[in-house]
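K.L.:
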Amino acid sequence: MRSTWGLVRQVRPKCQRITAIRCYNRALTTFPKAHFRLMKTSLLFTGLMLLSMQPAPGAQPPNILFLLADDQRQDTLGCYGHDIVQTPNIDRLAADGVRFQNAFVTTSICWVSRAINLTGQWARTHATPDSMPTVKAESLKTMFPVVLKQAGYRTGHFGKWHLMEPKGFVKEDQYDEFEAIGRNPYFKTMPDGSKRHETDLVCDKGIEFIKSQPKDKPFCLNLWFNAAHAEDNDHRPGIGLYPWPPSVDGMYEDRSIPPPRLGDPAIFEAMPEFLKQSINRERWYWGYDTPEKFETNARAYYRMISGIDHAVGRVLKALAEAGLAENTIIVYTADNGYYLGDRGFQGKWSHFEESLRVPLVVYDPRLPKDKRGRVVPQMALNVDLPATFVDWAEAAKPAAYEGSSLAPLVRGEAPEGWRKSFFCEHVDLAPSITWEGIRGQRYVYARYFDQKPPFEFLHDLDSDPDELKNLALDPANASTLKEMRELCDQEMNARGGPLLPLEQRKSLKAEKGKGKAKAPNQKGKGKAKSAVE
Ligand SMILES: [Ca+2]
589 MRSTWGLVRQ VRPKCQRITA IRCYNRALTT FPKAHFRLMK TSLLFTGLML
639 LSMQPAPGAQ PPNILFLLAD DQRQDTLGCY GHDIVQTPNI DRLAADGVRF
689 QNAFVTTSIC WVSRAINLTG QWARTHATPD SMPTVKAESL KTMFPVVLKQ
739 AGYRTGHFGK WHLMEPKGFV KEDQYDEFEA IGRNPYFKTM PDGSKRHETD
789 LVCDKGIEFI KSQPKDKPFC LNLWFNAAHA EDNDHRPGIG LYPWPPSVDG
839 MYEDRSIPPP RLGDPAIFEA MPEFLKQSIN RERWYWGYDT PEKFETNARA
889 YYRMISGIDH AVGRVLKALA EAGLAENTII VYTADNGYYL GDRGFQGKWS
939 HFEESLRVPL VVYDPRLPKD KRGRVVPQMA LNVDLPATFV DWAEAAKPAA
989 YEGSSLAPLV RGEAPEGWRK SFFCEHVDLA PSITWEGIRG QRYVYARYFD
1039 QKPPFEFLHD LDSDPDELKN LALDPANAST LKEMRELCDQ EMNARGGPLL
1089 PLEQRKSLKA EKGKGKAKAP NQKGKGKAKS AVE
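For the sequence shown, my numbering begins at 589 and goes up steadily by one.
#1: With 16 as the cutoff for other CB atoms within 10 Å, does M1072 come out buried or exposed?
#2: Taking only three categories from DSSP, how would you classify E880?
#3: Counting by C-beta, which residues lie closer than 6 Å to a heavy atom of ligand 1, in chain order?
#4: Strictly by DSSP, which residues pair up with W812?
#5: At 4 residues or longer, what runs of the alpha helix (DSSP H) sit wholly inside the segment 914-979?
#6: Distance, Cα to Cα, N885 vs G828?
#7: Going by C-alpha to C-alpha distance, which of F766, E760 and K748 sits closest to P773?
#8: Quick check: E1079 and F1011, are their CB atoms within less than 7 Å of each other?
#9: Using 10 angstroms around the beta-carbon of V836, count the other beta-carbons present and answer buried if the total reaches 16, otherwise exposed.
#10: Determine the direct distance from the alpha carbon of Y830 to that of R680, and round the result to whole angstroms.
#11: When you compare the CB positions of A1060 and E1074, do they come within less than 7 Å of one another, or not?
#12: If distances are taken between C-alpha atoms only, which option among Y889, L1017 and G1025 comes closest to V693?
#13: Go to F688, then tell me how far its beta strand (DSSP E) extends in each direction, as first and last residue.
#14: Determine, using beta carbons only, whether V964 and L997 come nearer to each other than 7 Å.
#15: Quick check: R849 and K805, are their CB atoms within less than 7 Å of each other?
#16: Among all the DSSP beta bridges, which residues are the ones paired with V1032?
#17: Can you have a look at E1121 and say buried or exposed, based on whether 16 or more other CB atoms are within 10 angstroms of its CB?
#18: If you draw a straight line from the alpha carbon of G929 to that of D764, how long is it in whole angstroms?
#19: Measure the beta-carbon distance from L656 to N810 and round it to whole angstroms, keeping in mind my assumption that it falls under 8 Å.
#20: I'd like to know whether the C-beta atoms of H817 and D1016 end up nearer to each other than 7 Å.
#21: Contact check, P991 vs A975 under 8 Å by CB: the rounded distance?
#22: So, with DSSP's three-state summary, where would you put N705?
#23: With DSSP collapsed to three states, give me the class of S835.
#24: Let's see if you can read the secondary structure: which residues bound the alpha helix (DSSP H) around H823?
#25: What's the call for T695, buried or exposed, on a 16-neighbour Cβ count within 10 Å?
#26: Taking three-plus beta-carbon pairs below 8 Å as touching, is the segment 671-679 in contact with the segment 893-910?
#27: Could you check if M778 is buried or exposed, using at least 16 other CB atoms within 10 Å of its CB as the buried criterion?
#28: Taking C-alpha atoms, which residue in Y1031, T1068, N924 and T664 lies nearest to D1054?
#29: In the DSSP output, which residue or residues are listed as bridge partners for K776?
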């Protein structure tokens, strides 16, 4: 007859990381009743032993709640110092957790950034030069939800999806629960005929997921919002361009909104011609070309962010009510930054700080009190998130991941050799906004490679934090420019090298195109969405 210990050992591999007492309970239910009667004295004794060995609370890997906003610039949260936008729930996560002061995306556009969030690979790695921006099937095999699911996590995704997928990839199969919820329109018709804003709907789904969470396994839940992305097809100022949910109706109505800090027309006029005629300027005309339109639209944009915060508050309440708050790490960030009229621009895509910087708040309930409320100065990237998630899940980090776990930084450690610069790029929207570069601690280099000749920017953040001067043409900076070029080449060549010449890319696209590659669509069906989201 097998001993009770033997039974526990037999069961234990099937319930990896479940506490010893849960394995014991499972052994009790697994063992035949007749034998149980014979063994009950022994089991009782062994149970007491196991109880005394029960790991401390929190030994089960943490749940992970990944909240991802769309097109949210870093400074538009109360905890980042915004004096108008109210975000009390996210601010509380930062006060009890940590806030990354220098968080960036390596590509500032929805679908690529989201692909990076999943694959842990730079765009130049997760796509090939002749297939950009479609993600390689190989890269998706180790996307973090798949790794976590294999590690025993229950996984869910609700909200924006928007991945450029390879043929044959079935997103629904990658998660235990999945529902892509897009915008256009933001307000969805519910079964009873009422309308529900996408932000609220995504959180409704998240709350259902949390309420149905079994206690014997951890979960990883993505709530990926469409807010505060503009509704590109509706240019009516306010509720048209930036539809907010009813929870924030009337918010900021009595607040005057100051003009963009970098809104001086002289800043726009100093731009090279190709950027003055780019999509960044085209969309500025949609929403910001009069002070009145700007104020109405900025107010609506701020409401969308407060709408997210309000819905996040409901999710936090649901976590607490489900008894899961004590072991759930919460990450709040965005897929890219945003020009809210700065430099005469709307949108993202290009290399300036407003486009690349994103908020990043991490709340880890396991943090001791003296480690809470910190501002982390190290550079954190969207490409780091998958490595961080698998680290928290105590799963092996896939070799394909290019980022580094942020977990030590969250704990308050200072890992040696942490990056002091990173490769950044935008490989679509040719020829105006295709660029590659390096964002360093002091210098920023960007090369718009489809211009003829390529157009380079070099900014010195120490003397010019707003990047208003381009030092690339100043011979006094020739050695710095050379260093930054070389670093850019080195990083680029480590990730697939330069893109093919524009003419070749156009030809390839024409040959391959016409619907062969699966086009992005937030609902996963129907016609492709705009290629500039
Ligand atoms: Ca976006």
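We put the CB at the ideal spot given by N, CA and C, even for glycine.
P.N.:
In this structure, then:
#1: As a first step, residue 1072 is located in the sequence shown; it is residue number 484 there, counting from the start. Buried is the call here.
#2: In the sequence shown, counting from the first residue as 1, residue 880 sits at position 292. In the structure shown, E880 sits in a helix (DSSP, three-state: H, G or I).
#3: D658, D659, C698, H817, D923 and N924
#4: Taking the sequence shown and counting its residues from 1, one reaches residue 812 at position 224. DSSP, once it has assigned bridges, lists L656 and G747 as partnering W812.
#5: 941-944
#6: One-based indexing of the sequence shown puts residue 885 at position 297. One-based indexing of the sequence shown puts residue 828 at position 240. About 9 Å.
#7: Locating residue 773 in the sequence shown gives position 185, where the first residue counts as 1. Ranking F766, E760 and K748 by Cα distance to P773 puts K748 first.
#8: Along the sequence shown, one-based indexing puts residue 1079 at 491. Along the sequence shown, one-based indexing puts residue 1011 at 423. For E1079 and F1011, yes; Cβs fall inside 7 Å.
#9: On the sequence shown, residue 836 is found 248 positions in, with the first residue counted as 1. With 16 or more Cβ atoms within 10 Å of its Cβ, V836 is classed as buried.
#10: Taking the sequence shown and counting its residues from 1, the one referred to as residue 680 is at position 92. Taking the sequence shown and counting its residues from 1, the one referred to as residue 830 is at position 242. Whole-angstrom Cα-Cα distance: 25 Å.
#11: Counting from one through the sequence shown, the residue named residue 1060 turns up at place 472. Counting from one through the sequence shown, the residue named residue 1074 turns up at place 486. No, these two residues do not count as a Cβ contact at 7 Å.
#12: Along the sequence shown, one-based indexing puts residue 693 at 105. Looking at the Cα atoms, G1025 is the closest of the given residues.
#13: The residue given as residue 688 occupies position 100 in the sequence shown. Per DSSP, F688 belongs to the beta strand (DSSP E) from V686 to F692.
#14: Position 376 of the sequence shown, counting from 1, holds the residue named residue 964. Position 409 of the sequence shown, counting from 1, holds the residue named residue 997. The answer is yes: Cβ separation under 7 Å.
#15: Taking the first residue of the sequence shown as position 1, residue 849 is located at position 261. Taking the first residue of the sequence shown as position 1, residue 805 is located at position 217. No.
#16: In the sequence shown, counting from the first residue as 1, residue 1032 sits at position 444. Partner(s): R1027 and H1047.
#17: Position 533 of the sequence shown, counting from 1, holds the residue named residue 1121. With 16 or more other Cβ atoms within 10 Å, it is buried.
#18: Numbered from 1 along the sequence shown, position 341 holds the residue referred to as residue 929. Numbered from 1 along the sequence shown, position 176 holds the residue referred to as residue 764. If I take the Cα positions, the gap works out to 41 Å.
#19: Working through the sequence shown from its first residue, we reach residue 656 at position 68. Working through the sequence shown from its first residue, we reach residue 810 at position 222. Yes, they are in contact, since the Cβ atoms of L656 and N810 sit about 7 Å apart, within 8 Å.
#20: As a working note, residue 817 is residue 229 in the sequence shown. As a working note, residue 1016 is residue 428 in the sequence shown. No, Cβ-Cβ distance for H817 and D1016 is not below 7 Å.
#21: Stepping through the sequence shown from its first residue, residue 991 is reached at position 403. Stepping through the sequence shown from its first residue, residue 975 is reached at position 387. Pro is not the amino acid found at residue 991; the sequence shown has Gly there. Between A975 and G991 the Cβ distance is about 5 Å, and since that is below 8 Å, they are a contact.
#22: The sequence position of residue 705 within the sequence shown is 117, counting from 1. DSSP places N705 in helix when its eight states are reduced to three.
#23: The count along the sequence shown starts at 1 and reaches residue 835 at position 247. Correct three-state label for S835: helix.
#24: Your numbering for residue 823 matches position 235 in the sequence shown. Neither: H823 is in no alpha helix (DSSP H) and is coded neither H nor E.
#25: Here residue 695 is taken as the residue at index 107 of the sequence shown, counted from 1. Per the 10 Å Cβ criterion, buried.
#26: yes
#27: The residue you call residue 778 lines up with position 190 of the sequence shown. Exposed, by the Cβ-count rule.
#28: Within the sequence shown, the letter at position 466 stands for residue 1054. Minimum Cα distance to D1054 is reached at Y1031.
#29: Working through the sequence shown from its first residue, we reach residue 776 at position 188. Answer is R784, bridged to K776.
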